[in-house]
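Below is one structure; the comments refer to it alone.
Chains as they are written, first to last, in my numbering: chain A, 2 to 278; chain B, 49 to 472.
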C-alpha cells in the first residue's frame, strides 16, 4: 500500500497546483487593492505593488457606506447561522436516529430542494415577504437565508449525528443517565464540531449572498456588503478596479478570520478518545 | 445561565434586524433609484436630490443606489412585487420589456413642454415604444477613437476631425501604415461585438433590421451592413493591423497595451476617457478622434441613459416634476460631467464646459447631432438574437473562423427564426 516516490511527488505537485489555483485570485485581489490607478494601467503588472498606496481603501470608504453594509451583513449572517443551527440540530438528530418513512421522505425532500434555481423562487418569495411586510427588512432577509441554508445544514448535521456511535448513548443509559442527560452530556459535546462547521457554512453562505439581498433590500441603509460592492461596477461591466479590489479584500477578511479561528476545532474532531481502543 | 445569555444575544440580533417604519409627516416621498457609480457622478446626483429636497418641502426624494450590473433582474422582481422605485434610472435598450409589460408610465402627458422641446426627436425615439414615451433620454455616449497623440503625429498621417473624418477605407489604410514590429494600429475591444458593430454600421447606412408594412421586423444583411464588420475582420486577419488578442476583451483590458505603446488607437465609448485620464502614465499624450465615417457620415447608434416613472407610482406628476428639475440644462451638464458623457438636451450641449479641447470633450460634443437610436433596441426578441445568434457569429467572423457568407447566413436565417417567435 506504500506510495512510490514518484507517486508522492505527483501528489504534492497536484496539491501545489490546486493551492496556486485557489490562491491566485485572492493574491491578485490583494495586490490590486494596493496599486495606484496608473499602476493598474501598466502593461507589465507586478505581484508586489511598486508604489503601494492606501488610496483605494480611502476612496472605497468615501464612495460607499462599507461599514454600515458590513454591519448589516454581519447581523444577517450571524442571525441566519444561529437560527439555522438551532432548527437543524434537533431535526437532524431525529432524522439520524429514527429511520422512519417520514425521515426518509424528509431526507429526499432536502435533496430535491437543492435543485430549485434561485430565479424560480425569487418572485414567489418576494410576494410572500411583501404580504408579511418584510421587504426591505433584514428580518425578512434572515428568514430567507435560514430557509435557504436549512436543507444543506440539515443534511450536514445528519451525517455528523450518524458519526456519533449509538453505543456511547447506550452506555450512558446503562450508567443511569436519562435521555436528556445523555443528549446534553454525551451527544452534544461530540456533535459540537459538526454544529460549528454547519454554523460556519450558514454564516459564509449568508455573508457572501448577493441575489436575495439585491432583490429584497431597497434602501441604502439596509443593503449588505455584496450588494454595495456592485456599486463599484458601471455600465458595460466597466469597474472602478482599485476601490472594488480594496472593498472586496476587506469583505473576505471576516470569513478568513472566522475560519482560521475555528478550523482546528473542525479538523481536529472531538471524537478522539471517545471510545477506548 | 449560558442559555439565557444565548437567547438574549439572539433577541438583540433580531431586534436589530427589524425594518424602519414610514414617516408620518404626510409629505409625499418618492424613491429615486440611481445607477450613478463614478465618484463625481454619485456626488452630482446626491447633491441634486439634496437641492430638490431643500426647495420642495412637500415632496421628499429619497436617493436609492442601484447597480448597472444587476438592474434588469432587480427591477423585474420589484415590478412583479409592486415594490419598484418611483423614479428609475436605466438605459433605453433595457426599457422595451418593461414598457411593453406595462411597468412604466407613459410620460407623454406628464412632462413639461420645455423638456420635450429641449431633447431632440431622434433621442426621444430611443425611449418611445408603440405610442408611448417610457423614459427621458438624458445622457449618451458616442464611440470614439482614443489615439496615442505622439505616435499619430510622428507617423505623419492626417489627423481626422468631426468636420473631416476618416472614411472606413482610409482608417483601414492608416492602421496598416501604423502597424509593424509587434505593434498594431488599432485594438478593437469586442467583448460585446453586436452593439459595437451595429451602432457603427449606421455610419455606412447599415440597418440590418427592416420593418415591413405589417409592422413585422426581418433581418437582412445587406451591402451597407458589410462595411464595418469587413473592415474589422480584414484588419485582424488580412492586414494584421488590429490586435487579434483584444477581440474578446472589454475596453478596460486594452488600456495597458494602449499606454504601453502597443496599440496606436482604441475604439471606446466616450466615457472611458475618465479611466484614461486617471490611469495614463505621466506625460502620455492622448487624443479623441471621431469614429470613421461612411456613406451616412458620422451617424452612429446609441442607447442613452434614461429616467422613467413606475406605472405603480401614485405620484406620477411629482415624479415627472423631479425629472424635469434633474434635467434642467445646468443640472444636465453637472450629470454629464460627472459621468463623462454627453447630455441629450440642446441647451445643455451649449455649455462651454462641454466644448473644451481638454480630455476630448469638444470632439464628442461635435458628434452629438449624429447620434441616432441604436438599431433594433425596440425589436422584440433582440436580446435573444444577440446572445444566441449574433454574438457567436460575429465573434467567429472576427476571429477568422467563418467567412462573410456564413456570417450573413447565420444572422439572417437563424436570426429571423428567433424574431419570428416573438412576432406571431
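For every residue, glycine included, the Cβ atom is placed at its ideal position computed from N, Cα and C. Note that the structure is a prediction, hence the values are computed from the model and not measured.
Since I believe residue j is in contact with residue i (beta carbons under 8 Å), could you give me their beta-carbon distance rounded to a whole number of angstroms?
i              : j              : result
residue 212(B) : residue 445(B) : With 8 Å as the limit, residue 212(B) and residue 445(B) do not qualify as a contact, their Cβ atoms being about 30 Å apart.
residue 158(A) : residue 195(A) : 6 Å
residue 346(B) : residue 256(B) : Contact doesn't hold; Cβ gap of about 19 Å is too wide.
residue 232(B) : residue 289(B) : 6 Å
residue 327(B) : residue 245(A) : No, residue 327(B) and residue 245(A) are not in contact; Cβ-Cβ is about 14 Å, not under 8 Å.
residue 234(B) : residue 223(B) : 5 Å
residue 372(B) : residue 133(B) : Actually they do not touch by this definition, with Cβ atoms about 18 Å apart.
With 16 as the cutoff for other CB atoms within 10 Å, does residue i come out buried or exposed?
i              : result
residue 109(A) : exposed
residue 115(A) : exposed
residue 7(B)   : Residue 7(B) lies beyond the stretch modelled for chain B, which goes from 49 to 472, so this question has no answer here.
residue 69(B)  : Caution is warranted here: a pLDDT of 34 is assigned to residue 69(B), below 50, making its placement in the model unreliable, and the coordinate value is therefore given only provisionally. The residue is exposed, with fewer than 16 neighbouring Cβ atoms inside 10 Å.
residue 366(B) : buried
residue 163(A) : exposed
residue 474(B) : The structure shown does not extend to residue 474(B), since chain B spans only 49 to 472, so no value can be given for it.
residue 149(B) : exposed
residue 468(B) : exposed
residue 23(A)  : exposed
residue 300(B) : buried
residue 180(A) : exposed
residue 27(A)  : exposed
residue 5(A)   : exposed
residue 1(A)   : Outside the shown range of chain A, which is 2 to 278, sits residue 1(A), and nothing can be said about it.
residue 287(A) : Residue 287(A) is absent from the structure shown; chain A starts at 2 and stops at 278.
residue 202(B) : exposed
residue 137(B) : buried
Between the Cα of residue i and those of the options, spot the shortest distance and give me the residue it belongs to.
i              : options                           : result
residue 377(B) : 356(B), 402(B), 360(B) and 362(B) : 402(B)
residue 110(B) : 102(B), 89(B), 313(B) and 78(B)   : 78(B)
residue 142(B) : 157(B), 425(B) and 321(B)         : 425(B)
residue 237(A) : 340(B), 314(B), 255(B) and 353(B) : 353(B)
residue 227(A) : 41(A), 50(A) and 68(A)            : 68(A)
residue 286(B) : 453(B), 447(B) and 458(B)         : 447(B)
residue 323(B) : 148(B), 194(B) and 139(B)         : 194(B)
residue 37(A)  : 49(A), 27(A), 26(A) and 28(A)     : 49(A)
residue 113(B) : 99(B), 135(B) and 471(B)          : 135(B)
residue 396(B) : 405(B), 406(B), 407(B) and 413(B) : 413(B)
residue 242(B) : 411(B), 252(B), 439(B) and 90(B)  : 439(B)
residue 117(B) : 86(A), 241(A), 257(A) and 74(A)   : 241(A)
residue 253(A) : 205(A), 231(A) and 243(A)         : 205(A)
residue 170(B) : 248(B), 185(B) and 273(B)         : 185(B)
residue 273(B) : 261(B), 250(B) and 266(B)         : 250(B)
residue 459(B) : 471(B), 430(B), 305(B) and 103(B) : 430(B)
residue 29(A)  : 256(A), 247(A) and 257(A)         : 247(A)
residue 157(B) : 206(B), 418(B) and 181(B)         : 181(B)
residue 86(A)  : 113(A), 198(A) and 187(A)         : 198(A)
residue 54(A)  : 70(A), 45(A), 31(A) and 76(A)     : 31(A)
Run through DSSP, which three-state label would residue i get?
i              : result
residue 128(B) : helix
residue 464(B) : helix
residue 168(B) : coil
residue 473(B) : Nothing can be reported for residue 473(B): it is not among the residues displayed for chain B, which extend from 49 to 472.
residue 231(B) : strand
residue 358(B) : strand
residue 345(B) : strand
residue 5(A)   : coil
residue 17(A)  : helix
residue 65(A)  : coil
residue 108(B) : strand
residue 450(B) : coil
residue 439(B) : helix
residue 247(B) : helix
residue 156(B) : coil
residue 165(A) : coil
residue 334(B) : strand
residue 193(A) : helix
residue 137(A) : coil
residue 78(B)  : strand
(message) With three or more C-beta pairs closer than 8 Å as the rule, is the region 130-147 of chain A touching the region 208-221 of chain A?
(response) yes
(message) Taking 8 Å as the cut-off, does the region 378-386 of chain B touch the region 286-296 of chain B (at least 3 CB pairs, one atom from each stretch)?
(response) The region 286-296 of chain B is not in contact with the region 378-386 of chain B.
(message) Below 8 Å, how does it come out for the region 122-141 of chain A and the region 52-67 of chain A: are there three or more Cβ pairs, yes or no?
(response) The region 122-141 of chain A, when compared against the region 52-67 of chain A, does not touch it at the 8 Å Cβ threshold.
(message) Across the region 268-282 of chain B and the region 210-227 of chain B, are there enough close Cβ pairs to call them in contact, namely three or more that are closer than 8 Å?
(response) yes
(message) Any contact between the region 174-192 of chain B and the region 411-427 of chain B? By contact I mean 3 or more CB pairs, one from each, below 8 Å.
(response) yes
(request) Indicate whether the contact test is met: 3 or more Cβ pairs, each with one atom in the region 194-207 of chain B and one in the region 327-335 of chain B, closer than 8 Å. (result) yes
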